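Protein sequences, first through last, are from chains A and B.
Going by our numbering, the final residue of the first sequence carries number 307, and the count climbs one at a time with no gaps.
Going by our numbering, the final residue of the second sequence carries number 401, and the count climbs one at a time with no gaps.
We put the CB at the ideal spot given by N, CA and C, even for glycine.
These numbers come from a predicted model, not from an experiment.
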Amino acid sequence: MIEIDRVSKAYDTRVVVDDLSLSVPEGAFCVLLGPSGCGKSTILRMINRLAPFDAGVIRVGGEDVREVPPEILRRRIGYAIQATGLFPHWRVEDNIATVPRLLGWPRRRVRDRVEELLQLLRLDPETYRRKYPHQLSGGEQQRVGVARALAADPDLLLMDEPFGALDPVTRLALQGEVLRIQQQTKKTVIFVTHDIEEALRLASVIAIVERGRLAQWGTPLDILENPASAFVAEFVGGEGIGLHLLALRKVADRLRPDETADGEPLPSETSLRDALAAMTRRRTDRLPVVDAAGRPLGAITLGDLVR
Amino acid sequence: MSPGSALPAAAAIARAPAFRLHNRVVPVLFAAGAAALLCGGFVALAPNRLVSGRPIGLFAAADWRISGAIAVLGLAVLATAFAPPGRTLHRAAAFLSSLLVLLTLEAAGQAASSLGAGAPALARISLGAGFWVLLGAAALAIIDALQRAGAGPGERLAVAAALAAAILAIAQAGLLDALSLAREFHTRQHLFAAALVRHIVLVAAAVGPAVLIGLPLALAAVRRPGWQGPLFAVLNLLQTIPSIALFGLLIVPLSALAAAFPGLAALGIGGIGPAPAIIALVLYALLPVVRNSVAGIAGVDPAVVDAARGMGMTRRELLWRVELPLALPLLLAGLRIVMVQAIGLAVVAALIGAGGLGIFVFEGLGQYAADLVLLGALPAILLALAADFLLQSLAALAARR
Chain A
1 MIEIDRVSKA YDTRVVVDDL SLSVPEGAFC VLLGPSGCGK STILRMINRL
51 APFDAGVIRV GGEDVREVPP EILRRRIGYA IQATGLFPHW RVEDNIATVP
101 RLLGWPRRRV RDRVEELLQL LRLDPETYRR KYPHQLSGGE QQRVGVARAL
151 AADPDLLLMD EPFGALDPVT RLALQGEVLR IQQQTKKTVI FVTHDIEEAL
201 RLASVIAIVE RGRLAQWGTP LDILENPASA FVAEFVGGEG IGLHLLALRK
251 VADRLRPDET ADGEPLPSET SLRDALAAMT RRRTDRLPVV DAAGRPLGAI
301 TLGDLVR
Chain B
1 MSPGSALPAA AAIARAPAFR LHNRVVPVLF AAGAAALLCG GFVALAPNRL
51 VSGRPIGLFA AADWRISGAI AVLGLAVLAT AFAPPGRTLH RAAAFLSSLL
101 VLLTLEAAGQ AASSLGAGAP ALARISLGAG FWVLLGAAAL AIIDALQRAG
151 AGPGERLAVA AALAAAILAI AQAGLLDALS LAREFHTRQH LFAAALVRHI
201 VLVAAAVGPA VLIGLPLALA AVRRPGWQGP LFAVLNLLQT IPSIALFGLL
251 IVPLSALAAA FPGLAALGIG GIGPAPAIIA LVLYALLPVV RNSVAGIAGV
301 DPAVVDAARG MGMTRRELLW RVELPLALPL LLAGLRIVMV QAIGLAVVAA
351 LIGAGGLGIF VFEGLGQYAA DLVLLGALPA ILLALAADFL LQSLAALAAR
401 R
């Protein structure tokens, strides 16, 4: 559990973080969401003490981060950034092995761990371990960046807009990987982004930051349904909130059991947004629904989507 | 124009490149070499070592077989400029140009021995402008050809070593002995090796401490950018002091030190000798070392430094594992500048009794004997070229990643 308790930071008279409190439960995927320059990256960097703060306390697993030597603290926390920061003079395997080697793991254990992580990030170990970063595509570099952050199996992972520089297709793929890994390993993730779509796709909880203050805190659904202020409503999409809400809900939630319809059926796990897209494309207002095994469950209509 | 007549014209264009000029450098070098041979003296014959000689052209001075071979080789190198480029062609051009270098040396030696045979014992045969221009043109043709062949550091090193070995063999065989330069060498052979070693020791004794002092200074300047202004102001100021003046300025304080502390004098530290020379060379070397180190370390991608700190590297680990390796190409470039500069400046250090190759230069200047000056200057130039070449190769290897 990560507790940020009344933390402030000012440079001269410019307040960057203003009396901010936040507590992220164990195993949560917490997204810090806000416009550029709102202080969300600074908050993230305070947790591993890359950024100093003037007042307040930050505790990781109950321990005040300022009671631990910064290097020791950082070796226990995974860290991935947008520019990847891969070491250009080291091979992929050496990059991933950075923290395990700092921790003095035996050679054999480091080797096995690198192999395991390359496989976890779907990079073929034989193809990739001997390559240098400049020989990789942007998406592959970021996969290595995530693998490096996970190397020493930290309980907490800090990610600072890690996919901001990637093309949409690669970004979507990597979001899927991170979500899969987080659900498999139950790690706590704190993830900074300014992209609301990315936040909704990944987050179990979202903290919206506005000029160094916490504007709202809650599940994605909470925030879309009850924006706490005009700023939050505007930032999470204005009228577009409706489409975001469709994206968060499933066909299963609006199902008409035992009714039938014609056409290619939708799996019940389809989001309402994709159901809307399917109806629009097929020029119909009614589609059948099946379960994961393909057994008929019922039907859904256009009216059900907005009910 | 009818459609029929377009076809032969197109074929002519397609064939044309085979006879086109592909290399503009080689014809310029050829023109320079040819003009120097036709207009200037290849060697100069003087009645004794102190007066300037009378220039004699290559074809008048050397055996016709050697001068003819030089002309044929020159034309062959020129012809490579008109052939379609390719690695094999460029390697062949490098080989022909290397032969030209060796043949030029041999022509000078042969001319000297045949001219010397009919002249009084005191007569001296020196190298003329034609010789130097031809030698320079041939050497540049080698470099140009290696560059076009895409030769890596290893191949360049191999060519340089082979050429050096061949030149040494020519000298060992006594083919150059009749030249005035060689006679100056023979009368001072017992001094030469010691002077060369002393020269190298002076350079090493200056560059080593300059790196040991300069690198920490650079680190401090990178960590505290506010220090950079004053630090570079002082180092720039040192660089502007003329070398002879700095050698002279150091005599007074060092003499005083040696007088006050006899222990220092016993160590060989005094107003003249190697101590002030090494101190001056270190001071001159500091600016390039510090400037390149600062540029190298400050030039490391900030995202890489951020990631390294975020992973939990200590300052020391960050420096040794990330910053220094990534700055290495620039550090080596700085070292290269410093080595070349120190080799040149160490010549002047002979003036304050530090020894080294400069002793021949100053002795030659005093006696108005140009070939004795060359005996000091040529090895210094070759040392500088060798240091430059080696460090450039190292930097290329370091930058490869």
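- Message: So residue 71/A contacts chain B; which residues on that side make the cut at Cβ distance below 8 Å?
- Response: Here residue 71/A refers to the residue found at position 71 of the first sequence. Those are 312, 313, 314, listed as they occur along chain B.
- Query: What number of angstroms, rounded off, separates the C-alpha of residue 241/B from the C-alpha of residue 26/B?
  - Reply: Position 241 of the second sequence, counted from the start, is the residue given in the question as residue 241/B. Position 26 of the second sequence, counted from the start, is the residue given in the question as residue 26/B. C-alpha separation (whole angstroms): 41 Å.
- Task: Could you spell out where the beta strand (DSSP E) holding residue 46/B opens and where it closes?
- Result: Looking up residue 46/B in the second sequence gives position 46. Residues 43-46.
- Item | C-alpha gap between residue 309/A and residue 231/B, whole angstroms | As displayed, chain A neither begins before 1 nor continues past 307, which places residue 309/A out of reach and without an answer.
- Item | Beta-carbon neighbours of residue 325/B, restricted to chain A and to distances below 7 Å | Indexing the second sequence from 1 puts residue 325/B at position 325. Simply 89.
- Can you list the residues of chain B that residue 81/A reaches, using a CB-CB cut of under 8 Å? The residue labelled residue 81/A in the question sits at position 81 within the first sequence. Neighbours of residue 81/A on chain B, chain order: 303, 306, 307, 310.
- Using 8 Å as the limit for Cβ to Cβ distance, is residue 102/A near chain B? Here the question's residue 102/A lines up with position 102 in the first sequence. Yes, its Cβ sits closer than 8 Å to a Cβ of chain B.
- Message: When you compare the segment 191-205 of chain B with the segment 130-142 of chain B, are there three or more beta-carbon pairs, one atom per stretch, that lie closer than 8 Å?
- Response: no
- Would you mind working out which of 125/B, 326/B, 364/B sits nearest residue 301/B, comparing C-alpha positions? Residue 301/B sits at position 301 when you count from the first residue of the second sequence. It is 326/B.
- So what's residue 53/A in DSSP terms, helix, strand or just coil? Position 53 of the first sequence, counted from the start, is the residue given in the question as residue 53/A. Reduced to three states, the DSSP call for residue 53/A is coil.
- Item | At least 3 beta-carbon pairs within less than 8 Å: the segment 103-114 of chain B vs the segment 144-155 of chain B | At 8 Å Cβ cutoff, the stretches do not touch.
- Task: Examine chain A for any beta-carbon lying closer than 8 Å to the beta-carbon of residue 106/B, and answer yes or no.
- Result: Position 106 of the second sequence, counting from 1, holds the residue named residue 106/B. So no, residue 106/B is outside the interface.
- Message: So within the segment 104-166 of chain A, which uninterrupted alpha helix (DSSP H) runs reach at least 4 residues, ignoring any that extend past its ends?
- Response: As far as the segment 104-166 of chain A is concerned, its whole alpha helix (DSSP H) runs of at least 4 residues are 107-120, 125-128, 138-150.
- Give a yes or no on whether the minimum CB-CB distance between residue 109/A and chain B is below 8 Å. Here residue 109/A refers to the residue found at position 109 of the first sequence. Not closer than 8 Å to any Cβ of chain B, the Cβ of residue 109/A fails to qualify, so no.
- Is it true that the segment 86-95 of chain A meets the segment 139-147 of chain A, where meeting means three or more beta-carbon pairs spaced less than 8 Å apart? yes
- Task: Pick out the complete alpha helix (DSSP H) segments inside the segment 269-312 of chain B, 4 residues or longer, and give them in chain order.
- Result: 274-298, 302-311
- Message: Quick check: the Cα distance between residue 2/A and residue 59/A, rounded to an integer number of angstroms?
- Response: Your numbering for residue 2/A matches position 2 in the first sequence. Your numbering for residue 59/A matches position 59 in the first sequence. About 6 Å.
- Message: Within a Cβ cutoff of 8 Å, which residues of the same chain sit near residue 83/A, ignoring the five residues on either side of it in sequence?
- Response: The residue given as residue 83/A occupies position 83 in the first sequence. For residue 83/A, where only same-chain residues beyond five positions count, the Cβ hits under 8 Å are 165.
- Task: Have a look at residue 342/B and residue 203/B and give me their C-alpha separation to the nearest angstrom.
- Result: Along the second sequence, one-based indexing puts residue 342/B at 342. Along the second sequence, one-based indexing puts residue 203/B at 203. Spanning the two alpha carbons is a distance of roughly 6 Å.
- Message: Could you check whether the Cβ of residue 99/A sits closer than 8 Å to any Cβ belonging to chain B?
- Response: Position 99 of the first sequence holds residue 99/A. Answer yes: the Cβ-Cβ gap between residue 99/A and chain B drops below 8 Å somewhere.
- Message: Using 8 Å as the threshold, is the C-beta distance between residue 103/A and residue 152/A below it?
- Response: Here residue 103/A corresponds to residue number 103 of the first sequence, with the count starting at 1. Here residue 152/A corresponds to residue number 152 of the first sequence, with the count starting at 1. Yes, these two residues count as a Cβ contact at 8 Å.
- Task: Starting from residue 85/A, find everything on chain B with Cβ-Cβ shorter than 7 Å and list it in chain order.
- Result: Taking the first residue of the first sequence as position 1, residue 85/A is located at position 85. The contacting residues are 303, 304, 306, 307.
- Item | Three-state class that DSSP yields for residue 2/B in the structure shown | The residue you call residue 2/B lines up with position 2 of the second sequence. With a pLDDT of only 46 at residue 2/B, under the threshold of 50, the placement of this residue in the model should not be trusted; the figure read from the coordinates follows. Here residue 2/B sits in coil by DSSP.
- Run through the segment 58-128 of chain B for me and flag every whole beta strand (DSSP E) of 3 or more residues, listed as ranges in chain order. 124-127
- Per DSSP, what kind of secondary structure is residue 207/A in: helix, strand or coil? Walking along the first sequence from the start, residue 207/A turns up at place 207. Reduced to three states, the DSSP call for residue 207/A is strand.
- Task: Indicate whether at least one CB of chain B lies closer than 8 Å to the CB of residue 50/A.
- Result: Residue mapping note: residue 50/A aligns to position 50 of the first sequence, counting from 1. Yes, its Cβ sits closer than 8 Å to a Cβ of chain B.
- Short check: CB of residue 380/B to CB of residue 49/B, under 8 Å? Translated into the one-based positions of the second sequence, residue 380/B becomes position 380. Translated into the one-based positions of the second sequence, residue 49/B becomes position 49. It is not a contact, given that the beta carbons lie outside the stated cut-off.
- Task: Leaving aside the five residues before and after residue 215/A along the sequence, list all residues of the same chain whose C-beta is less than 7 Å from its C-beta, in chain order.
- Result: Translated into positions along the first sequence, residue 215/A becomes position 215. Answer for residue 215/A: 208, 209, 228, 229, 231, 232, listed in chain order.
- Grouping DSSP H, G and I as helix and E and B as strand, with all else coil, what is residue 217/A? As a working note, residue 217/A is residue 217 in the first sequence. Residue state, collapsed to three classes: strand.
- Message: Once the 5 residues before and after residue 27/A are set aside, which same chain residues still bring their CB inside 8 Å of it?
- Response: Position 27 of the first sequence holds residue 27/A. Excluding positions up to five away in sequence, the list reads 186, 187, 188.
- Beta-carbon proximity list for residue 270/A, same chain, < 6 Å, skipping 5 on both sides: Along the first sequence, read from residue 1 onward, the residue named residue 270/A stands at position 270. Taken in chain order, the residues that qualify are 251.
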